[in-house]
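To keep things clear, I will list the structure first and then write my remarks on it.
Protein chains: 2
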Amino acid sequence: MVISHPQTLTLQPIENGAPSDDVRAFRRTLGQFATGITVITTNTGEKLTGMTANSFTAVSLDPPLVLWSIRKESGSLAAFLESGHFSINILAENQNTVSEIFGRPRDEQFSQVEWIPGKFGAPLFPGSIAHLECETHEVIDAGDHHILIGRVDNYARFEGKPLLFSQGQFGVPTAFLESPQPAPAAGDPRLDLDNEQTIFMSLLKAANQQMSQLFQEHRHQVGVTVATGRVLNQLTVRADNVEDLGRVAFLGENTVEDALIELAGQNLVAPQAEGKWAITAPGLEVQAALRRSAAEFNAQQLRDIPVEDLAAAQRVLRTLINREFNSESENK
Amino acid sequence: MVISHPQTLTLQPIENGAPSDDVRAFRRTLGQFATGITVITTNTGEKLTGMTANSFTAVSLDPPLVLWSIRKESGSLAAFLESGHFSINILAENQNTVSEIFGRPRDEQFSQVEWIPGKFGAPLFPGSIAHLECETHEVIDAGDHHILIGRVDNYARFEGKPLLFSQGQFGVPTAFLESPQPAPAAGDPRLDLDNEQTIFMSLLKAANQQMSQLFQEHRHQVGVTVATGRVLNQLTVRADNVEDLGRVAFLGENTVEDALIELAGQNLVAPQAEGKWAITAPGLEVQAALRRSAAEFNAQQLRDIPVEDLAAAQRVLRTLINREFNSESENK
């Protein structure tokens with residue numbers, strides 16, 4: 023069996039070469055590997071240190087070893103080397119603010135989050151989906167980083183979905199739907215269910231996935247990436263710096279920088295004082311054109327749907343968006 | 023500012039302890055960190071080797087270093103040590119079959135996929151979202167694994183979304199919606215758009231996210247995980263082994279094993295000949311009850327929606343599911 027690929031996939035690379043030729047392009051390529059997000063903390067006895075990292079990986083089950091890497095230039099390196107231990111918090115989908123707080127060195131980080139001291143005194147964040155408390159096992163010199171291998175002393179797993187970083191964007195995982203089973207046989211209790219109602223949620227999921235896929239192809243065709251589109255959108259409201267643009271657009275800072283470089287090359291944005299960026303007059307025109315194009319995509323998808331069906335569908339979707347979890351009424 | 027957590031989040035761990043106490047629980051905890059999926063290949067000159075791995079991580083930009091780890095017991099280790107080079111294919115969302123083919127040693131793996139030889143002769147898969155061709159830079163002994171650090175000679179980035187592995191499930195990333203911008207000012211061309219149509223796709227996405235979140239809470243309340251639910255569902259159709267259950271349910275094999283152990287402990291499944299598992303009579307009852315519970319969740323969410331609105335919404339969703347990408351008609 024040979025795997026076939028949809029025709030819409032481009033088999034020519036977007037960019038390629040030797041890493042030293044274009045370090046930003048090389049970094050974008052590395053960013054094709056999706057990861058969770060962790061905040062790794064330590065306590066030297068004199069001070070607390072924490073930093074956001076997505077270089078975590080599990081290494082060995084027996085003995086229990088994990089690793090992550092830290093820039094040799096990082097101001098936090100000394101604390102991790104001195105303390106001899108670290109704690110890994112794997113962040114949940116609603117902890118992107120925590121990721122941001124520890125994304126760069128700043129004052130008073132630990133007064134901005136809830137935390138409790140773990141076994142070694144290093145901060146653990148309630149609400150994370152896992153805690154791993156480690157003793158530093160080995161430090162390995164690796165180019166511009168040190169790899170820290172930790173031996174896990176204690177683990178804890180919690181309910182919740184992970185925060186995700188993929189292709190420069192923050193998000194959450196969506197699991198594939200399981201393969202459908204054959205229709206139930208006569209006499210099967212499943213036949214007694216109201217099938218039309220049962221499958222409504224599956225219809226909703228499938229329609230959303232299909233529209234998302236088509237919109238991705240549309241965006242590719244008009245030559246805009248998620249990052250350049252979002253940066254332009256946000257700059258129509260106010261001039262802003264890289265950090266704040268990343269926060270409101272749920273993008274990594276390197277991704278925002280890449281987008282600004284690309285947009286500046288087309289004269290769509292321009293640097294201002296104090297590290298801020300502003301949209302230019304041509305940028306405003308392009309942004310308006312992109313919005314019209316997105317609206318046309320919407321209209322095109324809805325083209326032959328009767329207006330009363332569309333109105334009814336909107337009422338249904340709005341009702342569902344406002345539903346809240348109610349365990350009492352659920353059990354009737 | 024202190025981050026608050028929704029009341030529905032359990033702050034007590036599901037499981038915790040020292041790794042040696044329960045190695046499966048420790049592995050589930052490590053699995054809270056979401057990852058992409060790679061297939062790493064090499065060519066000794068005499069034979070081709072490839073294996074699925076999610077332990078990939080970027081280490082250093084200058085020099086360009088990446089790493090992954092391989093079990094010391096792996097039959098593929100010798101080939102990677104001998105060849106002195108390896109190529110990393112970061113898989114796209116539609117390459118889960120490739121992940122499966124290289125998920126365990128078997129014959130004729132490379133006749134089952136399309137591939138081209140790279141710079142060092144190691145196979146590269148068209149359709150992957152990134153290729154990284156590396157020379158082995160260092161091999162580090164780390165517990166029951168070796169860490170292989172590679173120096174990247176050549177990179178290539180391609181269009182596409184990543185295949186994702188998160189909490190034992192295969193899936194894709196869903197990016198957060200960007201923060202809303204203020205309403206456009208008078209005279210803004212955006213005012214000319216049909217707003218009701220423009221926002222339909224956003225309504226669809228938001229409704230799907232809300233229902234997905236509520237269903238997750240519902241499932242937690244009835245005490246079933248995605249994995250145990252899917253394994254029970256699939257076993258109603260036929261007895262099956264771990265590998266095939268993983269394939270049809272889009273679950274990792276360790277996750278299927280964990281689910282089978284849990285279900286067997288409740289007498290809901292039982293081992294058969296040839297490594298297969300079958301559902302028991304109590305298992306069939308529980309599976310039917312879970313289906314009824316899911317149907318009741320659906321009915322409860324749709325409780326006060328007029329039947330004609332629901333029918334119209336279903337027509338709209340079915341129309342959208344069947345849309346295909348058509349660049350011609352899109353541009354009218």
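Just so you know, the sequences run in chain order A and Z.
23 is the number of the first residue of the first sequence in the working numbering; add one for each residue after it.
23 is the number of the first residue of the second sequence in the working numbering; add one for each residue after it.
A virtual CB, placed ideally from N, CA and C, is assigned to each residue, including glycine.
Pair within 8 Å by beta-carbon distance, VAL338(A) and LEU332(Z): yes
Cut-off 7 Å between Cβ atoms - residues of its own chain near ARG93(A), not counting five sequence neighbours on either side: ASP166 and HIS167
Cβ neighbours of ASN176(A) in the same chain (closer than 7 Å, five flanking residues each side left out): LYS141 and GLU155
Partners in chain B for PRO195(A), counting only beta-carbon separations shorter than 7 Å: The question asks about chain B, but that chain is absent: this structure's protein chains are A and Z.
contact_flag[the segment 184-195 of chain Z, the segment 105-118 of chain Z] where n(CB pairs < 8 Å) is 3 or more: yes
For PRO139(A), the residue or residues it bridges with in DSSP: PRO145(A)
9 Å Cβ cut-off: residues of chain A touching GLU330(Z): ALA334
Within the segment 148-199 of chain Z, ranges of the beta strand (DSSP E) (whole runs, at least 3 residues): 152-164, 167-179, 186-188 and 191-197
Of the residues ILE162(A), ILE110(A), ILE343(A) and ALA292(A), the one placed nearest GLY58(A), counting alpha carbons only: ILE110(A)
Status (buried if at least 16 other CB within 10 Å, exposed otherwise) for ASP316(Z): Checking the sequence, you will find Ala at residue 316(Z) rather than Asp. Answer is buried; the Cβ neighbour count reaches 16.
Start and end residues, beta strand (DSSP E) containing ARG313(Z): ARG313(Z) -> not in any beta strand (DSSP E); alpha helix (DSSP H) instead, spanning 303-323.
For HIS107(Z), the residue or residues it bridges with in DSSP: GLU157(Z)
Interface partners of MET233(Z) on chain A, CB under 7 Å: MET223, LEU226 and LEU342
Coil, strand or helix - ALA114(A) by DSSP: strand
Cross-chain neighbours of ASN263(Z) in chain A, by beta carbon under 9 Å: Ordered by position in chain A, no residue passes the 9 Å Cβ test against ASN263(Z), which lies about 15 Å from the chain.
8 Å contact criterion, which THR302(A) and LEU312(A) should meet: CB distance rounded: The pair is not a contact, with the Cβ atoms about 15 Å apart (cut-off 8 Å).
Beta-bridge pairing of ASN38(A) - partner residues as DSSP gives them: ALA178(Z)
Residue-level contact to chain A via CB, GLY143(Z), 8 Å cutoff: no
CA nearest to the CA of ALA53(A), picked from SER77(A), TRP90(A) and THR63(A): Note that residue 53(A) corresponds to Gly in the displayed sequence, not to Ala. Measuring from the Cα of GLY53(A), the nearest candidate turns out to be SER77(A).
Backbone CA spacing between THR341(A) and ARG325(Z) [nearest angstrom]: 10 Å
Close Cβ partners of GLY143(Z) (< 7 Å) along its chain, the five nearest in sequence each way excluded: ASN65
When VAL174(Z), ALA334(Z) and THR63(Z) are compared against PRO127(Z), the one with the closest alpha-carbon: THR63(Z)
Those residues which DSSP pairs with ARG345(A) across a bridge: DSSP lists no partner for ARG345(A).
Closest residue to PHE347(A) among VAL308(Z), GLN34(Z) and LEU236(Z) (Cα-Cα distance): LEU236(Z)
Straight-line gap, ILE343(Z) to LYS227(A) (C-alpha atoms, nearest Å): 10 Å
Same chain, Cβ closer than 7 Å to GLU189(Z), neighbours up to 5 away in sequence not counted: One detail in the question is off: residue 189(Z) reads as Gln in this sequence, not Glu. Contacts found: GLY53 and GLN54.
Nearest neighbour of PHE147(Z), chosen from VAL161(Z), PHE132(Z) and THR158(Z) [CA to CA]: PHE132(Z)
Identified DSSP bridge partners for PRO127(A): PRO127(A) pairs with nothing; no bridge assigned.
Beta-carbon proximity check, ALA197(Z) vs VAL244(A), cutoff 8 Å: no
Unbroken alpha helix (DSSP H) run spanning ARG46(A), endpoints: 45-52
Residues that DSSP places opposite ASP262(Z) in a beta bridge: TRP299(Z)
N-terminal and C-terminal residue of the alpha helix (DSSP H) that ILE283(A) is part of: 275-287
Residues, ordered as in the chain, of the segment 95-114 of chain Z that lie near chain A by beta-carbon distance below 9 Å: ILE110, ILE112 and ALA114
Straight-line gap, LEU285(Z) to GLU68(A) (C-alpha atoms, nearest Å): 49 Å
Separation of GLU307(Z) from VAL61(A), as counted between CA atoms: 43 Å
Residue range of the alpha helix (DSSP H) that includes SER234(A): 222-244
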